[in-house]
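To start, the structure under review is shown below, and the notes come after it.
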Amino acid sequence: MAKDAKKDRMGKGEYLEKLAPLQLELNQMARWVQQSGKRVLVLIEGRDTAGKGGVIAAISDTLNPRQCHVVALGKPSERERSQWYFQRYVPHLPAAGEIVLMDRSWYNRAGVEPVMGFCSPEQAEAFLDQVPRFEQLLVDDGILLFKYWLCVDQAQQEQRFAERLADPMKRWKLSPIDLQARDKYAAYTAARETMLKASHRAHAPWTLVDFNDQRRGRLKLIRHLLDRLPDTAIPDEAIEFPPLVGEPLKERYKGKLRPL
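Just so we're aligned: 1 in the UniProt record's numbering is position 1 of the sequence shown, and the numbers increase by one with no gaps anywhere.
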């Protein structure tokens, strides 16, 4: 990476300072979703290394995991391959009061699958024909649907691949498919443009976010998501917290077991 590009990266301290008030707003939004019974579905799509997992973590880290669910489906089973394509995603749609964050989604059929040869051109074409109608049904039923594509230049992608290769804590993120995809940057671009043309609709629009600087990208995406929802500020419920009666008790143990 060029020195100027490194210099322009947002520092961790500045990032955490700006993230904190957004996470407070996210908690207020989550309380509004729960109390109103709304259903929120956020699709996070993008190239390998774009930063999907990082922004999902930034959104979900301070939320109740019983309310906010992260969905990252693996390779479909033989049975799932024989089903209607959208079928395996439907059980993961949000119920009343829930937020679902999808780390990749049904849009695999518009990107990785046709580019890597995991589906036929006819299957990809059928998906692009059906997906606007499928999403219209979701929106008509009251689901609040948000679709984000994370953008990253190839030079930045290459650097992140190299970092994953060098860092044993990130090595799990590398797979043979990821390495094969390195030579298909232009093909993924073409597939994305075809996808956007077919599925960017008024009822379910796409939002593209620059993730060459992942910290800035996370902040922009979260701010955009919050701004697209109604004013969700709900006063905290009053909770009485009286003092304990008597002295606090210490743990007591019977038998041989003791804590570490």
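Backbone N, C-alpha and C fix where the C-beta goes; we use that ideal spot for every residue, glycine too.
Check: Taking buried to mean at least 16 other C-beta atoms within 10 Å of its own C-beta, is PRO243 buried or exposed?; Outcome: exposed
Check: Roughly how many angstroms lie between the CA atoms of ALA126 and LEU145, to the nearest whole one?; Outcome: 22 Å
Check: What three-state label does DSSP hand GLY46 in the structure shown?; Outcome: strand
Check: If you draw a straight line from the C-alpha of GLU113 to the C-alpha of ALA202, how long is it?; Outcome: 26 Å
Check: Out of ILE222, ALA187 and ARG164, state which residue places its alpha-carbon closest to the alpha-carbon of ALA117.; Outcome: According to the sequence shown, residue 117 is Gly rather than Ala. Closest by alpha carbon: ALA187.
Check: From the DSSP output, in three-state form, read off TRP84 for me.; Outcome: coil
Check: Round the Cβ separation of GLY111 and ARG192 to the nearest angstrom and send it over; I've been treating them as touching at under 8 Å.; Outcome: 7 Å
Check: Taking 8 Å as the threshold (C-beta atoms), are VAL71 and ARG218 in contact?; Outcome: no
Check: Report the residue from LYS147, ILE59 and GLN28 whose alpha carbon sits nearest the alpha carbon of PRO205.; Outcome: LYS147
Check: Would you tell me roughly how many angstroms separate the C-alpha atoms of LYS256 and ASP167, rounded to the nearest one?; Outcome: 42 Å
Check: From the DSSP output, in three-state form, read off MET169 for me.; Outcome: coil
Check: When DSSP labels each residue in this structure, what does ILE239 get in the three-state scheme?; Outcome: coil
Check: Let me make sure I understand the geometry here. Which of ILE44, ILE143 and ALA198 has the alpha-carbon closest to that of residue 297?; Outcome: Lying before the first or after the last residue shown, residue 297 is absent from the chain, which here runs from 1 to 260.
Check: Give the single residue among THR62, LYS52, THR232 and THR194 whose Cα lies nearest to the Cα of GLY37.; Outcome: THR232
Check: Consult DSSP for TYR148 and reduce its assignment to one of helix, strand or coil.; Outcome: strand
Check: Answer yes if the stretch 153-167 comes into contact with the stretch 90-107, meaning at least three C-beta pairs across the two stretches below 8 Å, and no otherwise.; Outcome: no
Check: Would you report the Cα separation of PRO248 and LEU260, rounded to the nearest angstrom?; Outcome: 22 Å
Check: Any idea which residues DSSP pairs CYS68 with across the strands?; Outcome: ILE99
Check: Exposed or buried, which one is LEU24 when buried takes at least 16 other CB atoms within 10 Å?; Outcome: exposed
Check: Starting from THR207, follow the beta strand (DSSP E) in both directions and report where the run begins and ends.; Outcome: 206-210
Check: Residues in its own chain within less than 7 Å of ARG196 by CB, not counting five upstream and five downstream?; Outcome: The amino acid at residue 196 is misidentified as Arg; the sequence shows Leu. TRP206.
Check: Apart from the five residues just before and just after ARG223, which ones in its own chain have a Cβ nearer than 7 Å to its Cβ?; Outcome: LEU22
Check: Taking DSSP as the reference, what is the three-state secondary structure of LEU225?; Outcome: helix
Check: Given a threshold of 16 other Cβ atoms within 10 Å of its Cβ, counted over all protein chains shown, does ASN212 qualify as buried or as exposed?; Outcome: buried
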